[in-house]
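S.K.: Position one of the sequence shown corresponds to residue 139 (the working numbering), numbered consecutively onward.
Even glycine gets a Cβ: it sits at the ideal position worked out from N, Cα and C.
Small disclaimer: the values here were computed from a predicted structure and weren't measured.
Below is one structure. I have some questions about it.
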Amino acid sequence: MSLKKIRQAVLNRWVDGLVATTRVIAVQAKDDRFVFGQLSRASDLRLDYDVTVIPPSKVCFQPPTETLLRFSGSSYQSVLENEPFVLFGVHPYDMVAINQMDRIFARDDDDCHYMARRQAATIVACDVQRVSENAFAGCMGTAVVAEGFDVLLTKVGGQYLVDARTDKGEALTRALAGAPDAAQEDRAARERVWERNRKRLRKHRLKVKPEALPQLLSAQEAYDHPVWQEKARLCFSCASCNTVCPTCYCFDVQDDVNWDLKSGERSRCWDGCMLEKFACVAGGHNFRGERAERYRHRYYRKGKYVPALIGECACVGCGRCITACVTKIANPVTVFNRLWEGK
């Protein structure tokens, strides 16, 4: 596959060409924050962003609400969104999260709705230029990513290296065929960017290795640790941490029947383990009715339950939960460090 070197002006022309021919979802400024949204011109693209409010996985592959099927009488028709699009400017930690969701939604029977969107996407990842104030991806091993994307952009000096890794990536960058190939010194400079990002994305310092978290959380001392009660006393059960997390994927499903009582649709919407009614079942029983139980469950899911499924910690160090929590109790680093120090 190819590795090209281009200037900002060439990048802008390339992006404008993409916008003219396909749907491009990319990072743009919204007041003093950044969001993924449909791009209409290259001048609005912001590859120098720190972190987006909502992760790209939830903008493009796991929307807040979606129709799964429509039914009438005994017949039904699945609703699949498979229009091709380009997802442009994904940071490495968010790419790792998307890779994890790919594995989660492919387990057992594939989730055809997620997979339809995922297969329709061509992903352009972008190495971090400006570090978010709460990022700790360097501690989680997600400051740099090596797979999952189709194209990787890395700013080196005043130019971008454009690394096409897949057939989709080669097709997307065909307009850059005349650009010069990256030289060996450019590759070495990119390695320095990666190494620097592994060090820079550590605004919060995790004292335990991510791969040691399942064992740490398996101890009875961790399960009974007072940190759960201490933090949960301040919890509003608002689920902001769930909402902004790129690896939270829980949803609720419901059927809505029309007035004819014969037709309607089945849909699903985001749900979150921090919400008071999340674990309610028939009969009114709530398996996690206490805030401390829900608070603890969230961290066990990140550090123990999902790693048991896919072999990776379900926290990528983006820091969004830290920023979103109004009572400042959602920092995974603080909690895991407390457990590690008290083991």
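#1: Pull up the distance between the alpha-carbon of residue 145 and that of residue 296, whole angstroms please.
#2: Taking residue 393 as part of the beta strand (DSSP E), name the residues at either end of that continuous run.
#3: Quick check on the DSSP output: the beta strand (DSSP E) that includes residue 163 runs from which residue to which?
#4: Mapping DSSP to helix, strand and coil, what is residue 467?
#5: Between the Cα of residue 378 and those of 352, 413 and 393, spot the shortest distance and give me the residue it belongs to.
#6: Which value, in whole angstroms, describes the spacing of the CA atoms of residue 298 and residue 328?
#7: Could you check if residue 84 is buried or exposed, using at least 16 other CB atoms within 10 Å of its CB as the buried criterion?
#8: Give me, in chain order, the residues of the same chain whose beta-carbon lies closer than 7 Å to that of residue 478; leave out the 5 immediate sequence neighbours on both sides.
#9: Please classify residue 331 as buried or exposed, where buried requires at least 16 other C-beta atoms within 10 Å of its C-beta.
#10: First and last residue of the alpha helix (DSSP H) that includes residue 441?
#11: For the beta strand (DSSP E) containing residue 203, name the first residue and the last one.
#12: Start and end of the alpha helix (DSSP H) containing residue 328?
#13: Could you tell me the distance, in whole angstroms, from the CA atom of residue 418 to the CA atom of residue 373?
#14: Going by other Cβ atoms of all chains shown within 10 Å of its Cβ, with 16 needed for buried, is residue 392 buried or exposed?
#15: Note down the Cα distance separating residue 406 from residue 206, rounded to an integer number of angstroms.
#16: Do residue 429 and residue 375 come within 8 Å of each other at the CB atom, strictly closer than that value?
#17: Check the Cβ-Cβ distances between residue 173 and every residue of chain B, and say whether any is below 8 Å.
#18: Output the residue ranges of the beta strand (DSSP E) runs that lie fully inside the stretch 247 to 280 and measure 3 residues or longer, sorted by chain position.
#19: Helix, strand or coil, according to DSSP, for residue 434 in the structure here?
#20: Quick check: the stretch 228 to 242 against the stretch 254 to 266, are at least 3 beta-carbon pairs closer than 8 Å?
#21: What three-state label does DSSP hand residue 242 in the structure shown?
#22: Going by DSSP in three states, residue 411 sits in which element: helix, strand or coil?
#23: Can you tell me where the beta strand (DSSP E) with residue 144 in it begins and where it stops?
#24: Does the stretch 232 to 246 come within contact of the stretch 459 to 475, defined as at least 3 CB pairs closer than 8 Å?
#25: Where does the unbroken beta strand (DSSP E) through residue 290 begin, and where does it stop?
#26: Measuring only the C-alpha atoms, how far is residue 385 from residue 431?
M.R.: By the coordinates alone:
#1: Near 7 Å, if we compare the C-alpha coordinates of residue 296 and residue 145.
#2: Run containing residue 393: 389 to 395, per the beta strand (DSSP E) assignment.
#3: Membership of residue 163 in the beta strand (DSSP E) is indicated by the continuous run 161 to 168.
#4: Annotated three-state conformation of residue 467 is coil, per DSSP.
#5: With distances taken between Cα atoms, residue 378 lies closest to 413.
#6: Approximately 10 Å, taken between the alpha carbons.
#7: The question about residue 84 has no answer here: the residues shown for the chain are numbered 139 through 481.
#8: Hits under 7 Å: 345, 346 and 354.
#9: The residue is buried, with at least 16 neighbouring Cβ atoms inside 10 Å.
#10: Note, residue 441: premise wrong, no alpha helix (DSSP H); not H, not E.
#11: In this chain, the beta strand (DSSP E) harbouring residue 203 covers 203 to 210.
#12: For residue 328, the enclosing alpha helix (DSSP H) has its first and last residue at 322 to 338.
#13: Distance between the alpha carbons of residue 418 and residue 373: 19 Å.
#14: Of the other Cβ atoms in all chains shown, fewer than 16 fall within 10 Å of the Cβ of residue 392; this residue is therefore exposed.
#15: In a straight line, the C-alpha of residue 406 is about 7 Å away from that of residue 206.
#16: Yes; because the gap between Cβ atoms is below 8 Å, this pair is in contact.
#17: Protein chains in the displayed structure number just one, and chain B is not present.
#18: Fully enclosed beta strand (DSSP E) runs of 3 or longer: 259 to 264.
#19: DSSP places residue 434 in the helix class (H, G or I) of the three-state scheme.
#20: Verdict: yes, contact present.
#21: Collapsing the DSSP output to three states places residue 242 in a helix.
#22: In this structure, residue 411 counts as coil in the three-state DSSP scheme.
#23: Unbroken beta strand (DSSP E) run through residue 144: 141 to 145.
#24: No: fewer than three Cβ pairs fall under 8 Å.
#25: 289 to 294 is the extent of the beta strand (DSSP E) around residue 290.
#26: One Cα belongs to residue 385, the other to residue 431, and the distance between them is close to 20 Å.
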